[in-house]
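Beneath this line is the structure, given in structure tokens, with notes to follow.
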Amino acid sequence: MTGFLQVFLDGLSLGSSYSLLALGLTMVFGVLGLVNFAFGDMIVWTAFLAVELTSIGLPLPAVIPLTLVGSVALSMFVGEVVFRRVGTQNPLSLLLVSFGLSLVLVALAVQVFGELALMFPSPTALNTVLQVDGLQISMLSLVNVAVAAVILAALFVLLNRSRLGLALRATAENARTARLMAVRPKSMVRLSFAITGVIGGVIALLWFMKVGTVTPRSGLDITLKAFIALVIGGLGSARGAVAGGFALGFAEAALASWLPVDLRGLQQALAFVVVVILLVLRPQGIGGRLLDVSR
Amino acid sequence: MPEPLLSVHGLVTGYGPNAVVEQVDLSLCPGESVALLGVNGAGKTTLVSTIAGLNPLWSGSMTFRGDTVTKAGPEARATMGISLCPEGRQIFTSLTVEENLLIGATPSRRRRPAATAAQVQERLARSYERFPILKERRHGGGGQLSGGEQQMLAIARALMSAPELLMVDEPSMGLAPAVASTVYGLLRELKREGLAMIVVEESSNRALGLVDQCIVLRGGRSVLSAPVGELPDHATLLEVYLGSSTSEEVTS
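Protein sequence lines, in the order shown, are assigned to chains R and F. If you read the first sequence in the numbering used here, its first letter stands for residue 1, the second for the next number, and so on. If you read the second sequence in the numbering used here, its first letter stands for residue 1001, the second for the next number, and so on.
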């Protein structure tokens, strides 16, 4: 029972990060039809910003808000300057541009910060591990879960209870008709990149506090996790993204603790096998139909 | 002669290199309504989409309530009081019935004061009064409604912005005759309330029973524009203007 609960706790913590990541991707996918493969690299740049801010001596309470602002600015800049210019006519060109952007961001990061891993600021208080009845959970994991819960709740309210959220969902479904209701697609693209920026900033802080270091090439892992969670959940569905994130989190936690030690090296590969099986059984993903609120 | 609500002069538009609507003139006074008739591909939907601002004018001009709106986008025109109930209804299926209505309540900022929350609630209540079935289904998905209910929702949504001009593209398409009659009953009611309307139909006695003027499009050009009282008899109308018994090619 303790083993099961431990897996649950680990999965919850991993799942909260993955859910946020998948939500970040799906926001932009909804209105622009773009799966942004540079998402992870944008998060890495945000993490470098946090490292730099810390290195000039700013305390964490100042670093956190500045990092979030930087992340939103980067996301909106990329949305405005890179993706919106490409246009939505051809989703494939958007995809290719995002691959290109990913390569550029990595190369630039190598130039600016070098290949070596940089220490990421992490307050010691967050690294303490709580032990209760044989269960272990780090403070950071708890913070991770709590922050994710707050962001998920805020996004839920925004999407379902505000005119802005309605406009965003309407645009994601049918931008042309939404324009007849005075909803500007341009504003919705900006809004989605802004939301993605907030999520990216939060992830940059939480993810690298856990990992401890950041390198220019750390982005690929983040993008892949986000993408897997998104595909499991079903593209374009916010609830699906959350479900997919938690599914991936629990699957990883289970594999990590129950796989025979010899096979632990295959954990990542096995996670993909689980994804393949799931998609064969349910090609639209978990939430592929949840997009329709009535079902 | 009162000042026209909508005035379109020499409108030309199309897609890619092909002009779909050419040199169309249209003038509508407040409270007046016009039927836009023509066979499939005659350019009716393109014309109303262009008036709504979804397609740019290649040439020609358009004014609404005396303001030139030739270059305005659909968002601006929506906030000015032009509302299009588009072809195929275009209900947002990922939104509930009530959310579909709420998104229709455009926050009008240009030239008209923004709808207050109280006004939006009032319009919502008015919609439910007009369409009790929508109230019953308000928390259900927009995609769960029958064709007739979707048409009512589409019209109700278009009314949520309190428009001064309502354009309805093929309101009876795909509906059983009894349901289509209900929809037209509603349009008549709106006309009585003084709403100006453009109703697009392929060919419909129902539409002619509702409106004051009739414009027939063929091959993107207006081949007849007359008050309903001065129209030729129905058989002639069909044969000569809608081309039902001719084999003339219609550009699409």
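Cβ atoms here follow ideal geometry from the backbone N, Cα and C, with glycine treated the same way. Note that the structure is predicted; figures quoted are calculated from it, not measured.
Simplified DSSP assignment, three categories, for residue i
i	result
asparagine 160(R)	helix
glycine 1016(F)	coil
serine 1203(F)	coil
serine 1252(F)	Note that serine 1252(F) scores 37 on pLDDT, short of 50, meaning its location in the model is unreliable; the coordinates nonetheless yield the value given after this. Of the three classes helix, strand and coil, the one that applies to serine 1252(F) here is coil, per DSSP.
alanine 1226(F)	strand
valine 275(R)	helix
threonine 215(R)	coil
serine 957(F)	Nothing about residue 957(F) can be reported from this structure: the residues present for chain F run from 1001 to 1252 only.
isoleucine 1051(F)	helix
glutamate 1099(F)	helix
arginine 282(R)	coil
glycine 1010(F)	strand
glutamate 1189(F)	helix
glutamate 115(R)	coil
leucine 1028(F)	strand
aspartate 1169(F)	strand
threonine 1063(F)	strand
methionine 1160(F)	coil
glycine 72(R)	The residue asked about is misnamed: residue 72(R) is valine in this sequence, not glycine. Helix.
leucine 1084(F)	strand
threonine 1068(F)	strand
glycine 87(R)	coil
Distance, residue j Cα to residue i Cα
i	j	result
threonine 1116(F)	serine 1161(F)	11 Å
alanine 1076(F)	valine 63(R)	41 Å
alanine 1226(F)	glycine 1148(F)	30 Å
leucine 259(R)	methionine 209(R)	26 Å
leucine 1217(F)	glutamate 1164(F)	24 Å
glycine 1016(F)	alanine 1042(F)	17 Å
valine 202(R)	valine 72(R)	10 Å
serine 1245(F)	alanine 1235(F)	Residue placement at serine 1245(F) is flagged as unreliable, the pLDDT there being 44, under the threshold of 50; the coordinate-derived value follows with that caveat. Roughly 10 Å between the two C-alpha positions.
leucine 140(R)	leucine 270(R)	26 Å
glycine 265(R)	isoleucine 277(R)	20 Å
valine 1223(F)	asparagine 1018(F)	19 Å
arginine 239(R)	alanine 229(R)	11 Å
aspartate 1067(F)	cysteine 1029(F)	14 Å
alanine 107(R)	leucine 281(R)	39 Å
arginine 1123(F)	leucine 166(R)	18 Å
leucine 60(R)	aspartate 41(R)	22 Å
proline 1171(F)	arginine 1130(F)	17 Å
serine 237(R)	leucine 1237(F)	50 Å
glycine 296(R)	lysine 186(R)	What the structure shows of chain R is the stretch from 1 to 295, and residue 296(R) is not part of that stretch, so it cannot be assessed.
alanine 182(R)	valine 189(R)	15 Å
leucine 1153(F)	leucine 1186(F)	12 Å
glutamine 268(R)	threonine 1096(F)	40 Å
leucine 155(R)	alanine 241(R)	12 Å
tyrosine 18(R)	glutamine 1144(F)	32 Å
lysine 1191(F)	arginine 1206(F)	14 Å
alanine 47(R)	leucine 205(R)	7 Å
alanine 1156(F)	glutamine 1213(F)	24 Å
First and last residue of the uninterrupted beta strand (DSSP E) at residue i
i	result
aspartate 10(R)	Looking at the DSSP string, aspartate 10(R) is not in any beta strand (DSSP E); the run it does join, the alpha helix (DSSP H), is 2-32.
arginine 1218(F)	1213-1218
glutamine 131(R)	129-132
alanine 1035(F)	1033-1037
serine 138(R)	135-138
Start and end residues, alpha helix (DSSP H) containing residue i
i	result
aspartate 41(R)	39-55
methionine 1080(F)	1074-1080
glycine 1174(F)	No alpha helix (DSSP H) contains glycine 1174(F), which DSSP labels as neither H nor E.
alanine 253(R)	238-258
glutamate 1136(F)	1132-1136
Any non-hydrogen atom of the ligand PLP closer than 8 Å to residue i Cβ
i	result
threonine 1116(F)	This structure does not include the ligand PLP; it has no bound ligands of any sort.
Touch check for the region 1037-1056 of chain F and the region 1077-1092 of chain F: three-plus C-beta pairs under 8 Å? yes
For the region 162-182 of chain R, which residues have a beta carbon sitting closer than 8 Å to at least one beta carbon of chain F? Arg163, Leu166, Ala167, Arg169, Ala170, Ala172, Glu173, Asn174, Arg176, Thr177, Ala178, Arg179, Leu180, Met181 and Ala182
For the pair the region 1004-1011 of chain F and the region 1052-1063 of chain F, tell me if three or more CB-CB distances fall below 8 Å. yes
Using a Cβ-Cβ cutoff of 7 Å, what residues of the region 229-261 of chain R are near chain A? List them in chain order. Looking at the structure shown, chain A is missing, and the protein chains on hand are R and F.
Interface positions of the region 1053-1069 of chain F facing chain R (Cβ-Cβ less than 9 Å), listed along the chain: Gly1053 and Leu1054
Across the region 46-55 of chain R and the region 173-193 of chain R, are there enough close Cβ pairs to call them in contact, namely three or more that are closer than 8 Å? no
Would the region 245-254 of chain R and the region 7-16 of chain R be scored as touching if the rule is three or more Cβ pairs under 8 Å? The region 245-254 of chain R is in contact with the region 7-16 of chain R.
Please name the residues in the region 75-101 of chain R whose beta-carbon is closer than 8 Å to at least one beta-carbon of chain F, in chain order. none
Given a limit of 8 Å on CB to CB distance, which residues of the region 180-207 of chain R reach chain F? Leu180, Met181, Ala182, Val183 and Arg184
Inter-stretch contact at 8 Å, needing at least 3 Cβ pairs: the region 208-226 of chain R / the region 73-92 of chain R: no
Under 8 Å, CB to CB, which of the residues in the region 1016-1035 of chain F have a partner in chain R? none
If contact is defined by three or more beta carbon pairs under 8 Å, each pair taking one atom from either stretch, is the region 1033-1042 of chain F in contact with the region 144-154 of chain R? The region 144-154 of chain R makes no contact with the region 1033-1042 of chain F; the number of CB pairs closer than 8 Å stays below 3.
Identify each residue in the region 1074-1104 of chain F for which the Cβ-Cβ distance to at least one residue of chain R is less than 7 Å, and report them in chain order. Pro1074, Glu1075, Ala1078, Thr1079, Leu1084, Pro1086, Gln1090, Phe1092, Thr1093, Ser1094, Leu1095, Thr1096, Glu1099, Leu1102, Ile1103 and Gly1104
Are at least three pairs of beta-carbons, each pair with one atom in the region 1022-1036 of chain F and one in the region 1090-1104 of chain F, less than 8 Å apart? no
Validate contact between the region 223-237 of chain R and the region 23-38 of chain R using beta carbons, cut 8 Å, 3 pairs: The answer is yes - the region 23-38 of chain R touches the region 223-237 of chain R, with three or more Cβ pairs under 8 Å.
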